[in-house]
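Start counting the sequence shown at 429; every next residue gets the next number (my numbering).
Ideal Cβ positions, reconstructed from N, Cα and C, are used throughout, including at glycine.
This report concerns only the one structure given below.
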Amino acid sequence: MRSQPLHPTDDAATTAVPSDNPGRVGRLTGEAWLEIHTDQAQRLIRGRARKGNKPAITGLLGFASQMNILWQAAADDDPYADWWLVRVEETMAAARSLLATQRLQVDSVALETHRFRVGSAQSRRPQTLMLQFATPHAYRAAQLLGEYDALVCQCLTLKHVGASPSGAMGDEIALGAHRLRGVFSLPQGYRVFAINRSDVQHNTLRAQQARAHLGELPTAILTGERAASHGPLRTARDAHPVDHGLPDAVADAAAMARPETGEPGAVDGAR
Numbered sequence: 429m430r431s432q433p434l435h436p437t438d439d440a441a442t443t444a445v446p447s448d449n450p451g452r453v454g455r456l457t458g459e460a461w462l463e464i465h466t467d468q469a470q471r472l473i474r475g476r477a478r479k480g481n482k483p484a485i486t487g488l489l490g491f492a493s494q495m496n497i498l499w500q501a502a503a504d505d506d507p508y509a510d511w512w513l514v515r516v517e518e519t520m521a522a523a524r525s526l527l528a529t530q531r532l533q534v535d536s537v538a539l540e541t542h543r544f545r546v547g548s549a550q551s552r553r554p555q556t557l558m559l560q561f562a563t564p565h566a567y568r569a570a571q572l573l574g575e576y577d578a579l580v581c582q583c584l585t586l587k588h589v590g591a592s593p594s595g596a597m598g599d600e601i602a603l604g605a606h607r608l609r610g611v612f613s614l615p616q617g618y619r620v621f622a623i624n625r626s627d628v629q630h631n632t633l634r635a636q637q638a639r640a641h642l643g644e645l646p647t648a649i650l651t652g653e654r655a656a657s658h659g660p661l662r663t664a665r666d667a668h669p670v671d672h673g674l675p676d677a678v679a680d681a682a683a684m685a686r687p688e689t690g691e692p693g694a695v696d697g698a699r
């Protein structure tokens with residue numbers, strides 16, 4: 429007697445049939461949100477426009493907008509853009525380390541006893557931002573802002589219940605904000621000169637102009653020995669540099685691409 433399969437199948441029914449659309453699968457999509465509970469963190473979303481004697485403050489949205497320019501320039505093999513990406517990542521790492529240290533210091537303040545419990549303050553109506561950034565650095569910056577927001581909640585809680593001097597908590601809040609502003613403003617120092625590595629190696633006029641405005645490029649950046657952890661794919665460029673000055677159109681575009689008001693860019697926010 430022949431044994432029968434445990435799960436008999438119909439071969440005709442299981443034959444793979446090509447679909448009517450044999451093209452590639454569609455583009456991946458996803459969603460990310462940032463929830464903000466404090467006024468201090470909320471002010472760092474859009475920043476502040478220059479007003480009178482008060483300088484402009486670059487917020488998260490202005491940072492994301494400028495990072496788009498840096499990302500594209502790095503894709504075009506601009507070594508100065510690569511340098512700025514490295515500097516952004518290093519500055520963000522330092523800010524993350526500082527915030528972590530602050531959180532540990534704040535957590536070390538004893539609040540709870542056998543009969544007394546205190547939870548970290550939260551907003552009854554937080555602001556929720558749907559994030560749609562084009563660069564990984566913008567998302568990392570949003571994470572930093574979220575960590576700062578949590579720190580502010582902790583500090584305000586300690587101040588409210590009298591567990592720590594109000595001045596000390598105010599100093600912690602101000603220090604974290606100062607470090608975040610440093611992260612957000614760093615990309616604003618970059619300027620587009622439409623150059624690539626070949627221009628720098630041949631010391632073209634554009635490369636000289638870039639060096640005058642942006643400083644001496646580290647050799648490790650030029651050779652690629654030092655690079656950012658996150659960077660774009662390179663686009664093909666002409667290997668033969670053309671020695672000419674910076675076009676007016678490029679200069680104008682570079683000036684316009686340095687927002688002072690924290691333009692919304694690709695991020696939408698809803699309360």
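Buried or exposed (CB count within 10 angstroms, at least 16 for buried), residue i
i	result
residue 602	exposed
residue 652	exposed
residue 535	exposed
residue 628	buried
residue 570	buried
residue 556	exposed
residue 676	With a pLDDT of only 46 at residue 676, under the threshold of 50, the placement of this residue in the model should not be trusted; the figure read from the coordinates follows. Its Cβ having fewer than 16 others within 10 Å, residue 676 is exposed.
residue 507	buried
residue 487	buried
residue 544	exposed
Assigned secondary structure, residue i (DSSP; H/G/I helix, E/B strand, else coil)
i	result
residue 487	coil
residue 595	helix
residue 518	helix
residue 661	coil
residue 625	helix
residue 475	strand
residue 653	coil
residue 462	strand
Nearest-angstrom beta carbon gap, residue j and residue i [assumed within contact, 8 Å]
i	j	result
residue 530	residue 610	That belief does not hold up - the Cβ atoms of residue 530 and residue 610 are roughly 15 Å apart, past 8 Å.
residue 472	residue 573	6 Å
residue 607	residue 621	Contact doesn't hold; Cβ gap of about 29 Å is too wide.
residue 503	residue 663	5 Å
residue 527	residue 575	5 Å
Contact test: residue i Cβ vs the ligand ATP heavy atom, cutoff 6 Å
i	result
residue 530	This structure does not include the ligand ATP; it has no bound ligands of any sort.
| Can we say the segment 490–505 touches the segment 615–626, given the rule of at least three CB pairs closer than 8 Å? | yes
| said: Between the segment 646–661 and the segment 503–513, can you find at least three pairs of beta-carbon atoms closer than 8 Å? | reply: yes
| task | Decide if the segment 560–567 is in contact with the segment 513–527; the criterion is three or more beta carbon pairs, one per stretch, under 8 Å apart. | result | yes
| query | Fully enclosed by the segment 493–569, which beta strand (DSSP E) runs are 3 residues long or longer? | reply | Within the segment 493–569, the complete beta strand (DSSP E) runs of at least 3 residues fall at 555–559.
| message | Three Cβ pairs or more, each shorter than 8 Å: is that satisfied between the segment 545–554 and the segment 462–476? | response | yes
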